[in-house]
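With my numbering applied, the sequence shown covers -14 to 494. Report on the following structure.
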Amino acid sequence: MTNSNRPILVGVGQLLDRPTNLKQAMSPLDMMAATARVAILDAGLGVDVLHEIDALAVVSSVGDAMVQNPPAALAKRLGITRAEQKLTSVGGNTPQLLVNHYASAISKGDASFVLLTGAEALDTLIKATKSGQPVDWHEDTEGEPVLFGTERKGTNETEKAHGLMAPIVAYPLFENALRHHYGRSMEAHQTSLGKLFSPFTKIAANNPYAWFPTQRSAKEISTVSVSNRYVGFPYTKYLNSVIQVNQSASMLLTSEAKAQQLGIDASRWVYLHGCADMHDVWHVSERINFHSSPALTAGISQAMQMAEVTTQQIDYFDLYSCFPAIVQITKDVLGVTENDPRALTQTGGLPYFGGAGNNYSMHGIAAMIERLRNAPGTMGLVTANGWYVTKHSVGIYSTQRPNTEFVRTEPSVLQQQLDALDHPTLCTAPSGTGQVETYTVLFGRNGEAEKGLIVGRLDNTDRFVAYTKSEPSILQDLLSNDPIGRTGTVSSNGKTNLFEFSAMPPSSK
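Okay, structure coming up:
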């Protein structure tokens, strides 16, 4: 028997809840308890082993769970009596961040048997609200949960004033910058988005845990139609992450020594070979540019070095996919080309599998673990993203035992290097001449263009955020002609800013 504290993942569980009526709907706690038990069984254990858990972390729900202290309530349900309990801060990066953190804790002997879990029941909550039949999921718990991570608002006041707190507003800014960076026409780039995400829908269509198990063609995804309106240009509805789901996933981490003590068969073991956690310049309006991620570039490099692998040696990916922009940025970091045969998702991706709030990557990791168990010795890479290409976590996995001991570099080491990078300063009340860096057009539910949003640079290189006038001719110009690089004047009324083009160009897509 080994005495190794080398960390391993040994059990996973997933669940999708489609109740026929609201009375039958599962609460987030119901789902977490269920997937935790599935993870125990997946490890080849009985539920009586739950008392061995010494660390329990719950991923924060986007929807109101109606429970003051979810980890305490879940521990009570499962009979977990001696575990450290944590509730994560907000962020889609948190499931992979939890794996990285607790793998390190296990390697140091600070934990031995860890349960990570999360759930969303936003579909039920929204339907209950609309029907006037609110669900009662309240459970009495004592005390406030201990927070894992730091709660920090994702936007500043200028961004909020211009709607940039919504992902459906922020991510199109990255997408249009990427299209300009690639040198594509609007039509060619729109076609490329459909080609990028159509394979995702095929995987979702064959995934029993997918919320939208429907295969769609590239043309259907990228073309505007009655059922596929623009949301934030150039994204149609089918290119947006969908958070209105009822999904849960859980996983178990332990050490080699503890796994042998518990009698977990080695065929269930999956190792974390490499990892990294980092964030870009925090506010979108101060990013270095809108077509890359220095943090993700550095983090993937760190994880690859730790795992002693290259992109060519990765057999499977699950890239965070809330919107096409983050997938393309990650592909560029990895050097994955358009004709690469490797699938970019194991689940079907957030727009099709379902954007299970902060917990999506728990599903991505669970699916990756199952994939690797079915192909022993292969390697898989998972990326997780929080806010707006802001927070990133990376994990590289395999059933193959690593050649070296697990040593996680403290995130602060890499973050200090990233924080030292020069970046633009935001001017909150701009005045004068400016040039467009990126943009989007925001649409209403009726499919009509409503607002134009510009991010640009003043003559002194300061960054600004501004609306355009909502005149149909101006909005149509933004939809027909690439405005990036064009100049105009920007002014402020003290609350929001206005950008006006110097001239309207002839139409040329």
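Each residue gets a CB set at the ideal place from its N, CA and C atoms; glycine is no exception.
So, are the CB atoms of residue i and residue j less than 9 Å apart?
i	j	result
Leu438	Leu158	yes
Gly103	Asn343	yes
Leu366	Ala244	no
Tyr373	Val269	yes
Val43	Pro56	yes
Pro80	Leu101	yes
Arg214	Arg430	yes
Leu483	Thr453	yes
Leu237	Phe98	yes
Thr384	Thr472	no
Glu69	Val131	yes
Ala292	Gly259	yes
Leu319	Ile285	yes
Leu403	Ala280	yes
Given this structure, state the Cα-to-Cα distance separating residue i from residue j, to the nearest angstrom.
i	j	result
Lys494	Val450	Any reading at Lys494 needs caution, since the residue's pLDDT is 47, under 50, leaving its predicted position unreliable; the model's value is listed next. C-alpha separation (whole angstroms): 24 Å.
Arg386	Tyr424	47 Å
Ala195	Glu127	35 Å
Ser202	Ala242	48 Å
Thr199	Gly339	12 Å
His166	Ala151	24 Å
Ile381	Ile273	27 Å
Ala434	Ser210	14 Å
Gly29	Ser346	23 Å
Ser170	Asp444	27 Å
Leu523	Phe428	Any property of residue 523 remains undetermined from this structure, which presents the chain solely from -14 to 494.
Ile38	Gln229	31 Å
Glu271	Ala10	43 Å
Glu129	Leu41	15 Å
Glu485	Asn161	19 Å
Thr474	Ala146	19 Å
Ala369	Ser378	5 Å
Leu335	Met16	19 Å
Val312	Glu142	28 Å
Val266	Leu0	35 Å
Ala189	Val52	31 Å
Can you tell me which of the options puts its alpha carbon nearest to the alpha carbon of residue i?
i	options	result
Val421	Gly470, Pro396, Asn431, Gln461	Gly470
Ala106	Lys436, Ala203, Gln232, Leu460	Gln232
His348	Ala24, Ala10, Asn(-10)	Ala24
Gly179	Thr221, Asn274, Asn191	Thr221
Ala414	Gly441, Asn478, Leu399	Asn478
Phe308	Ala146, Ala351, Ile153	Ile153
Thr296	Leu483, Thr315, Ser116	Thr315
Asp262	Gly77, Thr109, Gly417, Val120	Gly77
Gly217	Ser46, Leu149, Trp254	Leu149
Ile517	Leu406, Glu390, Ser278, Thr114	As shown, the chain starts at -14 and ends at 494. That puts residue 517 outside it, with no answer to give.
Thr45	Val34, Lys71, Val32	It is Ser, not Thr, that sits at residue 45 in the sequence shown. Closest by alpha carbon: Lys71.
Val84	Arg137, Gly(-4), Pro409	Gly(-4)
Please list the terminal residues of the continuous alpha helix (DSSP H) segment that includes residue i.
i	result
Gln503	With the chain covering only -14 through 494, there is no way to say anything about residue 503.
Lys71	From DSSP, Lys71 is part of no alpha helix (DSSP H) but of the beta strand (DSSP E) over 69 to 73.
Met353	345 to 359
Ala162	152 to 167
Lys376	Note, Lys376: premise wrong, no alpha helix (DSSP H); beta strand (DSSP E) at 376 to 383.
Ser458	457 to 465
State the start and end residues of the unbroken beta strand (DSSP E) segment that holds residue i.
i	result
Thr368	364 to 371
Asp303	301 to 303
Val398	Where Val398 is concerned, there is no enclosing beta strand (DSSP E), although the alpha helix (DSSP H) it sits in stretches over 396 to 404.
Ile65	Looking at the DSSP string, Ile65 is not in any beta strand (DSSP E), and its letter there is neither H nor E.
Thr425	417 to 428
Ala434	434 to 443
Pro(-8)	-8 to 1
Checking contacts by CB at 9 Å: is residue i closer than that to chain C?
i	result
Ala106	The structure shown contains no chain C, having only a single protein chain.
- Message: Measuring CB atoms only, is the segment 324 to 336 touching the segment 168 to 184, in the sense that at least three cross pairs come out at less than 8 Å?
- Response: Yes: the two stretches touch, three or more of their Cβ pairs being nearer than 8 Å.
- Sufficient close CB pairs (3 or more, under 8 Å) joining the segment 297 to 306 to the segment 391 to 399: No: fewer than three Cβ pairs fall under 8 Å.
- Flag this pair as touching only if the segment 57 to 64 and the segment 348 to 361 have three or more C-beta atom pairs under 8 Å; answer yes or no. Contact fails: fewer than three Cβ-Cβ distances are below 8 Å.
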